[in-house]
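Q:
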Ligand code: G6P
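In the UniProt record's numbering, the protein residues as written are 242 to 608.
(1) Counting Cβ pairs, one atom from each stretch, are 3 or more of them under 8 Å apart for the segment 467-477 and the segment 303-313?
(2) Enumerate, from N- to C-terminal direction, the unbroken alpha helix (DSSP H) stretches of 4 or more residues contained entirely within the UniProt domain "SIS" (282-423).
(3) In three-state terms, what does DSSP make of residue 434?
(4) Residue 610 to residue 347, Cα distance in whole Å?
(5) Sorted by chain position, which residues of the same chain lie with C-beta nearer than 6 Å to residue 419's C-beta, five sequence neighbours on each side aside?
(6) Please go through the same chain and pick out, in chain order, the residues whose beta-carbon is closer than 8 Å to the beta-carbon of residue 597, but skip the five residues on each side of it.
(7) Could you check the C-alpha separation between residue 381 and residue 535 for me, to the nearest Å?
(8) What span of residues does the alpha helix (DSSP H) with residue 455 cover, start to end?
(9) Need the endpoints of the alpha helix (DSSP H) that residue 481 sits in, please.
(10) The ligand G6P and residue 340: does any heavy atom of the ligand fall closer than 6 Å to the residue's C-beta?
(11) Helix or strand or just coil, what does DSSP make of residue 242?
(12) Are the segment 563-580 and the segment 546-554 touching by the rule of at least three beta carbon pairs closer than 8 Å?
(13) Should residue 185 be labelled buried (16 or more other beta-carbon atoms within 10 Å of its own) or exposed?
(14) Identify the residues that DSSP records as bridge partners of residue 604: which are they?
(15) With DSSP collapsed to three states, give me the class of residue 565.
(16) Just to confirm before moving on: does the CB-CB distance between residue 606 and residue 350 stay below 7 Å?
(17) Can you grab the Cα-Cα spacing for the pair residue 407 / residue 555, in whole Å?
(18) Give the DSSP-derived three-state secondary structure of residue 591 in the structure shown.
(19) Please confirm whether any heavy atom of the ligand G6P lies closer than 6 Å to the CB of residue 347.
(20) Looking at residue 412: is its Cβ nearer than 7 Å to the Cβ of residue 391?
(21) Any idea what DSSP makes of residue 528, helix, strand or coil?
(22) Which residue or residues does DSSP assign as beta-bridge partners of residue 497?
(23) Answer yes or no: do residue 268 and residue 436 have a C-beta to C-beta separation smaller than 7 Å?
(24) Work out the CA separation of residue 542 and residue 517 for me, nearest whole Å.
(25) With a threshold of 8 Å on Cβ separation, who are the neighbours of residue 609 within its own chain once the five nearest residues in sequence on each side are excluded?
(26) CA-CA distance, residue 242 and residue 300?
(27) Taking 6 Å as the line, does the beta carbon of residue 567 fall inside it for any heavy atom of the ligand G6P?
(28) Would a C-beta distance cut-off of 7 Å place residue 498 and residue 471 closer than the cut-off?
(29) Please classify residue 250 as buried or exposed, where buried requires at least 16 neighbouring CB atoms within 10 angstroms.
(30) Could you pull the DSSP bridge partners for residue 518 from this structure?
(31) Could you tell me the alpha carbon to alpha carbon distance between residue 570 and residue 434, rounded to whole angstroms?
(32) Spatial neighbours of residue 361 within its chain, please: C-beta separation below 8 Å, excluding the five flanking residues on both sides.
(33) Taking residue 487 and residue 601 to be in contact with their CB atoms under 8 Å, please state how far apart those CB atoms are, rounded to whole angstroms.
(34) Report whether the distance from the Cβ of residue 601 to the nearest heavy atom of the ligand G6P is below 6 Å.
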């Protein structure tokens, strides 16, 4: 099959725009026909007796795992460790008796992730592989393979594979919560109802593309940028920085907003865009005070947030783009689209090779 960009200039643009359809398909695959129950091969595990889940992955897949850690801790009350695959097995970490290890990989072939899977198996863990390529080595070697259903992803910088991973991981978190008794049947139905709104939420964010493109053109001239977020927005800030550096070659860092005063605030000057991910929720007040510290030091704060944060910051923000308001559970899907559009349009403005960025490979099969 020859992959086709359709009316888009790049595969990355096509794959960003496909996401509402992709996550809808993934949602359908994870839920029962009457939408009352999450269905997963991993429900055969006795989750009540699992002491800990260890998630291991590389790159963007690792950041999906970071989001999942927060969901699983919060919804399922399950202890979770998240690890970078290239660091994991060389420490020879002790893994708990009865533990489960989940590896996440778009390609299913990443050498370090495969090595982590083999280490976990040898250490007696039940292993799960969440992969996009279901014929891959990781899918074959894991005790249970879970599919992300993103379809082939051509752009080297991952977009739809990431949000399809998120959908799989959100559904997985709800299933584990049910199995552990952390939510009842009504709770499960409510969570499924919330997840059913993701495709529309992502489409609404994509509808703001011109606003993100305008901001991206201003960011494109910077030599360095910071992405800040707390809670679920922390891994999305990391992903925002990763996407920007991958395809624009602008130096970017993602930071937990509460941590900037311990170092990175020294980077803030009038030339450094600071992209603040500010959805409504429990952490908004705390995040706002962190962002005000940046604004007070003349940082160029670009707010990506819903009406509440944008009203609070007013003139303190240098730029601001409106996001749809949504349930905190599904905020990562919307904000993932926002940072993808920002990176994509900044790369187009800089004229880089968006789909084939220098020095990068789609799948890294060497250590
Ligand atoms: C490479 C790709 C990234 C990807 C990472 C992990 O670095 O360029 O986009 O996130 O590998 O790949 P995987 O196939 O294991 O998800």
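For every residue, glycine included, the Cβ atom is placed at its ideal position computed from N, Cα and C.
A: In short, the structure shows the following:
(1) yes
(2) 300-312, 326-329, 352-363, 378-382 and 401-420
(3) Locating residue 434 in the chain shown gives position 193, where the first residue counts as 1. Looking at residue 434 - three-state DSSP - the assignment turns out to be helix.
(4) Residue 610 falls outside the range modelled here, since the chain spans only 242 to 608, and no answer is possible.
(5) As a first step, residue 419 must be located in the chain shown, where it is residue number 178. Answer for residue 419: 429, listed in chain order.
(6) Your numbering for residue 597 matches position 356 in the chain shown. Counting only Cβ-Cβ distances below 8 Å, and skipping sequence neighbours, we find 397.
(7) Locating residue 381 in the chain shown gives position 140, where the first residue counts as 1. Locating residue 535 in the chain shown gives position 294, where the first residue counts as 1. In a straight line, the C-alpha of residue 381 is about 48 Å away from that of residue 535.
(8) The residue labelled residue 455 in the question sits at position 214 within the chain shown. Per DSSP, residue 455 belongs to the alpha helix (DSSP H) from 450-460.
(9) Along the chain shown, one-based indexing puts residue 481 at 240. That run of the alpha helix (DSSP H) goes 474-489.
(10) Within the chain shown, residue 340 is the residue found at index 99, counting from 1. Checking every heavy atom of the ligand G6P against the Cβ of residue 340, none is found closer than 6 Å.
(11) Within the chain shown, the letter at position 1 stands for residue 242. Only weak support exists for where residue 242 lies, its pLDDT of 49 falling under 50; the value from the coordinates is given anyway. Looking at residue 242 - three-state DSSP - the assignment turns out to be coil, as it is neither helix nor strand.
(12) yes
(13) Since the first residue of the chain shown is 242 and the last is 608, residue 185 is not available in this structure.
(14) Counting from 1 along the chain shown, the entry for residue 604 is found at position 363. DSSP, once it has assigned bridges, lists no residue as partnering residue 604.
(15) Start at 1 with the first residue of the chain shown, and residue 565 comes out as number 324. Reduced to three states, the DSSP call for residue 565 is coil.
(16) By 1-based counting over the chain shown, the position of residue 606 is 365. By 1-based counting over the chain shown, the position of residue 350 is 109. A contact, by the Cβ cut-off of 7 Å.
(17) For this step, residue 407 is matched to residue 166 along the chain shown. For this step, residue 555 is matched to residue 314 along the chain shown. Distance between the alpha carbons of residue 407 and residue 555: 32 Å.
(18) Mapped onto the chain shown, residue 591 falls at position 350. The answer is helix: DSSP assigns residue 591 an H, G or I state.
(19) One-based indexing of the chain shown puts residue 347 at position 106. Checking the Cβ of residue 347 against the ligand G6P gives yes.
(20) Locating residue 412 in the chain shown gives position 171, counting from the first residue. Locating residue 391 in the chain shown gives position 150, counting from the first residue. In this structure, residue 391 does not lie closer than 7 Å to residue 412 by Cβ.
(21) Taking the chain shown and counting its residues from 1, the one referred to as residue 528 is at position 287. Residue state, collapsed to three classes: helix.
(22) Against the chain shown, residue 497 aligns to sequence position 256. The partner list for residue 497 (beta bridge, DSSP) reads 470.
(23) Taking the first residue of the chain shown as position 1, residue 268 is located at position 27. Taking the first residue of the chain shown as position 1, residue 436 is located at position 195. Their beta carbons are under 7 Å apart, which means residue 268 touches residue 436 by this criterion.
(24) The residue given as residue 517 occupies position 276 in the chain shown. The residue given as residue 542 occupies position 301 in the chain shown. In a straight line, the C-alpha of residue 517 is about 7 Å away from that of residue 542.
(25) Outside the shown range of the chain (242 to 608) lies residue 609, about which nothing can therefore be said.
(26) Counting from 1 along the chain shown, the entry for residue 242 is found at position 1. Counting from 1 along the chain shown, the entry for residue 300 is found at position 59. Because residue 242 carries a pLDDT of 49, less than 50, the predicted location of this residue cannot be relied on, and no value is offered for it.
(27) If you number the chain shown from 1, residue 567 lands on position 326. It does not: the Cβ of residue 567 is nowhere closer than 6 Å to a heavy atom of the ligand G6P.
(28) One-based indexing of the chain shown puts residue 498 at position 257. One-based indexing of the chain shown puts residue 471 at position 230. Contact: yes.
(29) Here residue 250 refers to the residue found at position 9 when the chain shown is read from its first residue. Exposed, by the Cβ-count rule.
(30) To locate residue 518, count along the chain shown from 1; it is residue 277. Residue 518 pairs with 545.
(31) Here residue 570 refers to the residue found at position 329 when the chain shown is read from its first residue. Here residue 434 refers to the residue found at position 193 when the chain shown is read from its first residue. Their backbone Cα atoms lie some 11 Å apart in a straight line.
(32) One-based indexing of the chain shown puts residue 361 at position 120. Here the set comprises 295, 297, 336, 342, 344 and 368.
(33) In the chain shown, the residue the question calls residue 487 occupies position 246. In the chain shown, the residue the question calls residue 601 occupies position 360. Confirmed, Cβ separation roughly 6 Å.
(34) Position 360 of the chain shown holds residue 601. Yes, the ligand G6P has a heavy atom inside 6 Å of this Cβ.
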